[in-house]
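Quick notes on the structure that follows.
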Amino acid sequence: MLTVKLLGGCRFLREDGGAVEFSTRKAQALMALVATAPAMYRSREQIAATLWSRSAEEQARASLRQTLSELRKIFNGDDVLRADGSQVALNPNAVSVDVRELEGLASGGLDRIAAIAEVYEGDFLAGFSVRDHEFEDWLTAERRRLRDLAAGALVRLVQAHADAGDAAAGIPAAETLRRVDPLSDLAHRALILFYSMQGRRTEALQLYDAFRAELNEELGVEPDPRTQALVAAVRSGEPVDGFQAPAAGVRQHGEYPPFQQDIRYCRSFDGTRLAYSRIGEGGRLIVQGGNWLTHLEEDTQSPVWRPLIDALSSGFSLLRYDQRGMGLSDWDIGDYEIDALVADLETVIDNVTDQPVVLLGMCQAAAVKLVYATRHPERVERLILISGLERGWSGRSATINRQADAFASMTITGWGSNSPAFRQMFSSLLIPDARSEQLSSMNELQRLSASPENAVRVQQFMGHVDLRRYLPEVNVPTLVIHPQGDPFIPLKEGKKLAAGIPRARFLPLPSNNHLILSHEPAWQTFINEVTRFAAA
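Start counting at 1 in the sequence shown, then tack on 189, and there's your number in the working numbering.
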């Protein structure tokens, strides 16, 4: 039996405990690629494209053949490796992989999750690298997936121990979570609670002080308000019996006061019906909207969007609209290219005002607002771009293309289904640090705001959009805001976007969400900067 240990390093151990010696790192990488495949096999084409992406196709195949020849010599007679026809496979009856064990434990009951502490020895392939960008792309994505998988399961376990008031069992679970995610607010909050339950008040406060200092140094942020509230209770000597302090300011979807708005419709160049609404009376007109996961009515009851609507409509007039294919606008659409989306924005603005406006665009709407600003600079006073990108990911690497295709396939089958599993996965990807109320609302907005087919079209648009030729043409004051830990569009994309726009100001904010949410420490800075810039 060959034991493959990829969590915390890259080790291959024979049955007698001896380590397998490889002649090249590419050979190790090939074994890791195949060992982590769903059925322990991958196509030769996929392996060659991942490990030798810089080589010509024939040269990559030759390198693969040479590496397989070396591996056959290493595992000669062990019935471990099979390389027949177009596939390379490992024998699942002769190979055990810690990644597979982790996946099984994480999907099991609470009694099995505790064993993650023994299996998760560190990040996936920690300290291991290969000089190939395709492999590094795959490694980064897989490392994050496995870390999130382990952390998500451990959160369930920690929560269960907290609910049961079992500090003795909860402490090792929370320690494991902290080892998996050293900056986890939740892990530290749980440990503070458990220590306090055991009367270890001094240790709880020392832990908090050290964690707060680390957060400030690493991310420049304060601990979660729930953690601060718990610590305040510990300092004052109040009894602590709950895992989470009340979620201040975050309501359930549908619990906001009724929202008065007049929803109207107009038709774009091709007859597509567009829904829009103008609210607020004072100040400049801010045009926000045109991004996905919006619905003019449901947004006003969503803890994801309502705080932003309230902030922007206080002191300003706010024009929102649902882009084609979304919300209350027509879902049965044809064209979904940049020119059509810009034409929609032109139609909405022309129906409301002939005066210059402030444009605010998030995600793919940032691209639409930017192109509009280059075509109608006289109609734009200021441009605010949030979580935008310079160009899409399509064509950058075979690995990214495969991931995008796989995600699109999952969207088609899972987006509109009765089961919330896919929508929950997508929401967690988009806003991983959201509270439960916000995640639940995002799940509901997915179902109500778009069809699976239109959701895929947005993904495809984000994949192939390219703004590079437009950036130098932007001639209006521009503020580019980007969450530092954006899981959907990396920070470097926001930097490129700002760098290409003459005199643009770039503002990174400490957040791990794609959308900055109202409970985050960065929220008030976000709102202050946006409103100050819009009013200038």
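Glycine included, C-beta positions come from ideal geometry on N, C-alpha and C.
Exercise for review: Check whether the segment 190-198 touches the segment 235-246, counting contact only when three or more Cβ pairs, one atom from each stretch, lie closer than 8 Å.
Suggested key: no
Review point. Between the Cα of glycine 316 and the Cα atoms of Pro676, Gln217, Gln512, Gly516, which residue gives the shortest distance?
Key: Gln217
Practice item. Check each candidate in Leu396, Leu314, Arg658, His377 and name the one with the smallest Cα separation from arginine 333. Key: Leu314
Check your understanding: To which residues of the same chain is tyrosine 561 closer than 6 Å at the C-beta, ignoring the five residues directly before and after it?
Key -> Val531, Leu534
Point to revise | Range covered by the alpha helix (DSSP H) that runs through aspartate 326 | key: 322-353
Check your understanding: Taking buried to mean at least 16 other C-beta atoms within 10 Å of its own C-beta, is valine 683 buried or exposed?
Key -> In the sequence under discussion, the amino acid at residue 683 is glycine, which differs from the valine named in the question. It is buried - the Cβ of glycine 683 has at least 16 other Cβ atoms within 10 Å.
Review point. Around the Cβ of methionine 773, are there at least 16 other Cβ atoms within 10 angstroms (buried) or fewer (exposed)?
Key: Absent from the structure is residue 773, since the part of the chain shown begins at 190 and ends at 725.
**Study point:** Cβ-Cβ distance between leucine 668 and isoleucine 538 below 7 Å
**Key:** no
Review point. According to DSSP, which residues form a beta bridge with leucine 549?
Key: Gln477, Ile573
Point to revise | Sequence-distant residues of the same chain with beta carbon closer than 6 Å to alanine 616, five excluded per side | key: Alanine is not the amino acid found at residue 616; the sequence shown has serine there. If we look at serine 616 and ignore the five residues flanking it on each side, its Cβ neighbours are Leu628, Met631, Asn632.
Exercise for review: Tell me whether histidine 671 is buried or exposed, calling it buried when 16 or more other Cβ atoms sit within 10 Å of its Cβ.
Suggested key: buried
Exercise for review: Please classify phenylalanine 458: is it buried, with 16 or more other beta-carbons within 10 angstroms of its beta-carbon, or exposed?
Suggested key: exposed
Check your understanding: Got a sec? Which residues, its chain only, sit under 8 Å from glycine 471 by beta carbon, not counting five neighbours each side?
Key -> Gly504, Phe505, Ser506
Practice item. Could you check what DSSP says for histidine 653 in three-state terms: helix, strand or coil? Key: helix
Exercise for review: Taking isoleucine 716 as part of the alpha helix (DSSP H), name the residues at either end of that continuous run.
Suggested key: 712-724
Practice item. Spatial neighbours of isoleucine 452 within its chain, please: CB distance less than 8 Å, with the 5 preceding and 5 following residues excluded, ordered by chain position. Key: Ala464, Tyr465, Ser466, Leu485, Glu486, Leu517
**Study point:** Proximity below 7 Å, CB of proline 697 to CB of alanine 711
**Key:** no
Review point. Is the Cβ-Cβ distance between arginine 233 and valine 223 less than 7 Å?
Key: no
Exercise for review: Just the C-alpha distance for arginine 692 and proline 661, rounded to the nearest angstrom, thanks.
Suggested key: 10 Å
Practice item. At 4 residues or longer, and completely inside the segment 349-394: list those alpha helix (DSSP H) runs for me, N to C. Key: 356-369, 374-386
Practice item. Output the boundary residues of the beta strand (DSSP E) element that contains proline 672. Key: 667-672
Review point. For tyrosine 445, which beta-bridge partners are listed by DSSP?
Key: Answer is none; tyrosine 445 lacks a bridge partner.
Review point. Is tryptophan 193 helix, strand or coil when you go by DSSP?
Key: Note on residue identity: the sequence assigns valine, not tryptophan, to residue 193. In the structure shown, valine 193 sits in a strand (DSSP, three-state: E or B).
Review point. Buried or exposed: serine 258, going by 16 or more other Cβ atoms within 10 Å of its Cβ?
Key: exposed
**Study point:** 8 Å contact criterion, which serine 576 and methionine 551 should meet: CB distance rounded
**Key:** 6 Å
Check your understanding: Taking Cβ to Cβ, would you say valine 369 is nearer than 7 Å to tyrosine 309?
Key -> yes
Review point. Does the Cβ-Cβ distance between asparagine 643 and glycine 514 come in under 7 Å?
Key: yes
Practice item. Along the alpha helix (DSSP H) that carries leucine 634, what are the first and last residues, could you check? Key: 625-638
Practice item. Write down every uninterrupted run of the beta strand (DSSP E) in the segment 196-232 whose length is 3 residues or greater and which is fully enclosed by it, in chain order. Key: 200-202, 230-232
Practice item. In the DSSP assignment, find the alpha helix (DSSP H) that holds aspartate 273 and state where it starts and stops. Key: Counting along the chain, aspartate 273 falls outside any alpha helix (DSSP H), though it belongs to the beta strand (DSSP E) covering 270-273.
Check your understanding: Considering only residues of the same chain and omitting the five flanking positions on each side of tyrosine 659, which have a CB-CB separation below 7 Å?
Key -> Leu559, Val560, Thr563
Review point. In whole angstroms, what separates the C-alpha of glutamine 553 from that of glycine 523?
Key: 18 Å
Exercise for review: Mark alanine 340 as exposed unless 16 or more other C-beta atoms lie within 10 angstroms of its C-beta, in which case mark it buried.
Suggested key: buried
Exercise for review: Tell me, please, whether the segment 395-409 touches the segment 368-386 by the rule of three or more beta-carbon pairs shorter than 8 Å.
Suggested key: yes
Practice item. Give a yes or no on whether the C-beta atoms belonging to valine 286 and valine 193 are separated by under 7 Å. Key: yes
Practice item. Can you tell me which of the three DSSP states serine 285 falls into? Key: strand
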